[in-house]
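Inspection log for the structure reproduced underneath, given as structure tokens.
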Amino acid sequence: MKIIVARRMAVFLVAGLALGAGVPAASALECPRLQSLDGSTTLPDLTAQLKTKDVLSQIPGILGYLHEQFPHAGKLPLDNYLIASYCAVVKADATLSEVERQAKIRDFADKVVSKSF
């Protein structure tokens, strides 16, 4: 049941990112702002980990790291943080088309919500 709810939230997040699909490429993809995890004012920078070519295989490790750093944060806030962080990395990649960006984020979100820590 929790996975279904998390998937729906991730789908909602990705759908929200795709709303600008008919807008010119420069403004089409809007990523959510990173939210505090577990009440912390320090937000981890995951950019280096999320830029790797094998990022999908890195998901369990990154989620484990986030869970260790923020043990009281639930899976949904951690998933959302990771997806929002990845969105920012993908948005900054000028080599991708808008369709490729949205597909990468959708694939990433599916993998994130299907993993547990």
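Read in order, the letters of the sequence shown correspond to residues -20 to -1, 1 to 97 in mature numbering (1 follows the signal peptide of the UniProt record, and there is no 0). Even glycine gets a Cβ: it sits at the ideal position worked out from N, Cα and C. These numbers come from a predicted model, not from an experiment.
Classification of residue i by the beta-carbon crowding that lies within 10 angstroms, buried from 16 upward
{"i": "residue 37", "result": "exposed"}
{"i": "residue 79", "result": "exposed"}
{"i": "residue 59", "result": "buried"}
Helix, strand or coil at residue i according to DSSP, with G and I counted as helix
{"i": "residue 80", "result": "helix"}
{"i": "residue 65", "result": "helix"}
{"i": "residue 44", "result": "helix"}
Assumed close pair residue i, residue j - CB separation to whole angstroms, cut-off 8 Å
{"i": "residue 65", "j": "residue 30", "result": "6 Å"}
{"i": "residue 42", "j": "residue 23", "result": "With 8 Å as the limit, residue 42 and residue 23 do not qualify as a contact, their Cβ atoms being about 14 Å apart."}
{"i": "residue 50", "j": "residue 17", "result": "4 Å"}
Inter-residue Cα distance where the pair is residue i and residue j
{"i": "residue 74", "j": "residue 81", "result": "10 Å"}
{"i": "residue 89", "j": "residue 19", "result": "23 Å"}
{"i": "residue 27", "j": "residue 54", "result": "22 Å"}
{"i": "residue 2", "j": "residue 70", "result": "Only weak support is given to the placement of residue 2: the predicted model assigns it a pLDDT of 44, under 50, and the value that follows is read from those uncertain coordinates. Roughly 18 Å separates the two Cα atoms."}
Member of the options whose CA lies at the smallest distance from the CA of residue i
{"i": "residue 12", "options": "85, 52, 46, 96", "result": "85"}
{"i": "residue 15", "options": "57, 34, 95", "result": "57"}
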